[in-house]
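Colleague: Shown below is the structure under consideration.
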């Protein structure tokens, strides 16, 4: 590689080639007056004028600025936009704590079967027996996988599962006398944990991780009293480490009448090997879009079912699916229910995919998922630990966390490493999280990557570490091969431009 | 092994590199008493064809709106989805991406969300819209929480003409924070009773909520409600479960709404047995920093090219933790994309035509049903594409059974949510219902057979 080529940001042949990247204007800066991109069914009823159908003061004349495009323009527009994106189908996407595994294509076909995608939620129960059967069976599958007694499929996302889980705890404690005041949250937790506890009316008390990157039971014992409603614990935690004192912690919390909430974001690491329900966990949320291969959709929709122990079942959201003889029924009659967290029954199409995934892997396949996900993460960790600073532990579970401590003396931060990875054709890992590791890089390879891909990623990371010493500016100015270079986030926040404001409108 | 590419030999080489003999050693940190000593008790794996057959079997036990004529609405609407929507949303560059944390690799998702935010502002007549929420009901609950953050007041007027499931979700969301929700009855027009709202409102009222078209399909008098709310220093939150109405009905923004939320499913998203759907969320600029959810903004890169980023994240949970405006993490990105594509195809002309078609079909159904001896319209107010029909002969359940015998899924039996309307059906008519279907509906309703 010549110095000149390197300066331009090019990397070795075969990785990171951007190909042809179109510039694509906004929808609103295209098209022509009068264009329509679809046909509507013909009007087979009297064509009354709008003024005869609605009072004049309710009528809208026009939507100024709304798009006027043909079908081909719309198709080109969004096809080009899709080419400005990076997805799991394009390459390695090791975002820690997000479990960006391959999304099986068959699952994308089955949710679209008309009996699922074209069924109305209020159809008579005799006409939705297949949907109810699937929900009933999925609840049983998730209960067995997690060791919980019941599962609510209603929450639309992990974060909504957290709200529901904390509401169940609150309702239970209220039934025992009082809801209590505080929730214990480890300093390595996801930000959603304290935010969810706060929405449920709880104050958060932070528990510091111990020197081994785990919660020590003594720290919980010190913070635990009869005003503490629950501890929210992620296991394996966001450092990719198993909370090995969780059983003792659960005993301490239960002894004072508290409840144990488990954030199941990292279930992929232990599926088939260890079950939260056997660790003393009372409530757990699952992320269907992580462990169960539902695609992330560019930021949703996922689904966040909540598993619970029997003592919390009276408080489950309504309706619940039950089996009466051979029929499946929706039961709304739960007098102590916390109510509903969303309309209808949950993100059903996501649940269909998760069900299909579990059925295609079976018990042996699911256990193999955990084994290979953990092996892949340990492989990356062991191959990179001489290059990047590893703050915690010898072995990890599904993800490993490095820091930029060794590159910092060259003026290189985690952000620079992440951006440079793009030039090598990889999506960066999760960065600057968990908060307890300064300059964290959290790498979760998942089980669906080949050894060759992991080797390429490792090689890229090593090369970047060399570049950091030899030519730090190359990293600081990265990425070089993407559609846009680093974007001005300060400007975006200081002068918010959150919508198009008229033809020819330009930047703020 | 399905979806796990590494062979035994690959794994062996990796174990050697790690320096362990077996993958078992990598789990040594899990205490033995916490290990599952048996296999999971699940059915054995299915092959791809086996899975396909099994899933088809389940799907075939459901009815769907392609094989039946359906007059169900009530928060979930059967509209035509052009083929281009499915094809574009099915591009895996979109659906296998994550939340666009790394903007240089996510310009497609980000630009599409920026366009979505713009479209929602245009439709609602508001100044700022977020990147979407889970669904209409949780968006409404978040709007109530936002109003409380803005003015610190603790009482909310939540009329009975708002979708019963939305009200249920709002109760659940606010229950732990001690906010009070006051109901307001509906009139014979099927609209919120203004007198009660006036009486219920005070300087403790944080917000007045109204749904329009409301659960009965009736269009509410937003201007009056805005005036009543604003006079008391409260906010007007308008929720819209059927946004196709935006094509022909004056926008809530023009009537003085402060926050407009609702359900975006009718744009490009399938019925999906209730989800995933799309909560849209818009407000006046003044309330921007109190908004929940993701926001995408336009900015420039180092050489001045336009680009898009997630912005104003200091409101959010990953920065603010327990002080965040909401705990929401993801939006419903792919559903928002489907809506954006569908709205782009419809455009200025098509959306108006679609809305007008719904209005005309509903007017036709209204005329046909109100001419029947056994039925009458329960409410007199102007409606968009839904109507409440009182069944005078027999019961709504009997009518629905007679319809089902003709492969018609009738209306929603309202007694389920409103005991006083147990003789009523909520019927929805969209562009998907042909004149023949509407004729068959009214004929069966008239004869009871």
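Chains as they are written, first to last, in the working numbering: chain W, 19 to 526; chain B, 5 to 453.
We put the CB at the ideal spot given by N, CA and C, even for glycine.
Please read these numbers as outputs of a predicted model, since none were measured by experiment.
Is there a Cβ of chain B sitting closer than 7 Å to that of residue 297 (chain W), yes or no?
Modeller: Closer than 7 Å to some Cβ of chain B, the Cβ of residue 297 (chain W) qualifies, so yes.
Colleague: Determine the DSSP secondary structure at residue 310 (chain B), reduced to helix, strand or coil.
Modeller: Under the three-state reduction of DSSP output, residue 310 (chain B) falls in the strand class.
Colleague: Does the Cβ of residue 203 (chain B) have 16 or more other Cβ atoms within 10 Å, making it buried, or fewer, making it exposed?
Modeller: exposed
Colleague: Quick one: residues in its chain with C-beta nearer than 6 Å to the C-beta of residue 320 (chain B), no 5 flanking neighbours on either side, listed in chain order?
Modeller: 328
Colleague: Can you tell me the Cα-Cα spacing of residue 115 (chain W) and residue 427 (chain B), whole angstroms?
Modeller: 52 Å
Colleague: Counting pairs of beta carbons, one from the stretch 484-498 of chain W and one from the stretch 96-105 of chain B, are three or more of them closer than 8 Å?
Modeller: no
Colleague: For residue 67 (chain B), does the three-state DSSP call read helix, strand or coil?
Modeller: coil
Colleague: Assuming residue 251 (chain B) contacts residue 356 (chain B) under a Cβ cut-off of 8 Å, what Cβ separation, rounded to an integer in Å, is found between them?
Modeller: 5 Å
Colleague: Pick out whichever of B:198, B:247, B:10 has its Cα sitting closest to the Cα of residue 231 (chain B).
Modeller: Closest by alpha carbon: B:198.
Colleague: Cβ atoms of residue 430 (chain B) and residue 340 (chain B): under 7 Å apart, would you say?
Modeller: Not a contact, by the Cβ cut-off of 7 Å.
Colleague: Examine chain W for any beta-carbon lying closer than 7 Å to the beta-carbon of residue 430 (chain B), and answer yes or no.
Modeller: no
Colleague: For the 8 Å Cβ check, are there 3 or more pairs between the stretch 71-88 of chain B and the stretch 69-79 of chain W?
Modeller: no
Colleague: Is there a C-beta anywhere in chain B that falls below 7 Å from the one on residue 84 (chain W)?
Modeller: yes
Colleague: Have a look at residue 21 (chain W) and residue 428 (chain W) and give me their C-alpha separation to the nearest angstrom.
Modeller: Low local confidence applies: a pLDDT of 46 at residue 21 (chain W) is under 50, so the model's placement there is unreliable, and no value is given.
Colleague: So, residue 254 (chain W) versus residue 415 (chain W), is the Cβ gap smaller than 7 Å?
Modeller: yes
Colleague: By how many angstroms is the C-alpha of residue 265 (chain W) removed from the C-alpha of residue 34 (chain B)?
Modeller: 11 Å
Colleague: Does residue 187 (chain W) get closer than 7 Å to chain B when you measure Cβ to Cβ?
Modeller: no
Colleague: To the nearest whole angstrom, what separates the beta carbons of residue 358 (chain B) and residue 58 (chain W), a pair I think is in contact under 8 Å?
Modeller: 6 Å
Colleague: Does any C-beta atom of chain B lie closer than 7 Å to the C-beta of residue 143 (chain W)?
Modeller: Not a single C-beta of chain B is nearer than 7 Å to the C-beta of residue 143 (chain W).
Colleague: Taking the beta carbon of residue 403 (chain W) as the centre, do at least 16 other beta carbons fall within 10 Å, making it buried, or is it exposed?
Modeller: exposed
Colleague: Please report how far the alpha carbon of residue 121 (chain W) lies from the alpha carbon of residue 234 (chain B), in whole angstroms.
Modeller: 49 Å
Colleague: Compare the C-alpha of residue 528 (chain W) against each of B:143, B:112, B:236 and name the closest.
Modeller: Look at the range of chain W in this structure, 19 to 526, and you will see that residue 528 (chain W) is not part of it.
Colleague: At what residues does the alpha helix (DSSP H) containing residue 134 (chain W) begin and finish?
Modeller: Counting along the chain, residue 134 (chain W) sits inside the alpha helix (DSSP H) bounded by residues 132-135.
Colleague: Can you confirm whether residue 437 (chain B), when its beta carbon is compared against all beta carbons of chain W, has any partner nearer than 7 Å?
Modeller: no
Colleague: What residue range does the alpha helix (DSSP H) around residue 349 (chain W) cover?
Modeller: That residue, residue 349 (chain W), is in no alpha helix (DSSP H); its beta strand (DSSP E) goes 345-349.
Colleague: Quick check: what's the CA-CA separation for residue 125 (chain W) versus residue 381 (chain B)?
Modeller: Using only the alpha carbons, I get a separation of about 44 Å.
Colleague: Under 8 Å, CB to CB, which of the residues in the stretch 174-193 of chain B have a partner in chain W?
Modeller: 175, 176, 177, 179, 180, 181, 182
Colleague: Looking only at DSSP bridge pairs, what is residue 280 (chain W) linked to?
Modeller: W:251, W:302
Colleague: When DSSP labels each residue in this structure, what does residue 103 (chain W) get in the three-state scheme?
Modeller: strand
Colleague: For residue 345 (chain B), would you say it is in contact with chain W, using Cβ-to-Cβ distances shorter than 7 Å as the test?
Modeller: yes
Colleague: Comparing C-alpha positions only, which one of W:181, W:336, W:296, W:129 sits nearest to residue 371 (chain W)?
Modeller: W:129
Colleague: Kindly list, in the order they appear in chain W, the residues whose Cβ is closer than 8 Å to that of residue 304 (chain B).
Modeller: Correct list: 505, 506, 509, 525.
Colleague: Since residue 366 (chain W) meets chain B, which of its residues come closer than 8 Å, beta carbon to beta carbon?
Modeller: 276, 277, 278, 279, 280
Colleague: Note down the Cα distance separating residue 144 (chain B) from residue 285 (chain B), rounded to an integer number of angstroms.
Modeller: 8 Å
Colleague: List the residues of chain W whose Cβ lies closer than 8 Å to the Cβ of residue 80 (chain B), in chain order.
Modeller: 138, 139, 140, 362
Colleague: Roughly how many angstroms separate the alpha carbons of residue 34 (chain W) and residue 430 (chain W), rounded to a whole number?
Modeller: The pLDDT assigned to residue 34 (chain W) is 45, lower than 50, so where the model puts this residue is not dependable, and the model offers no usable value.
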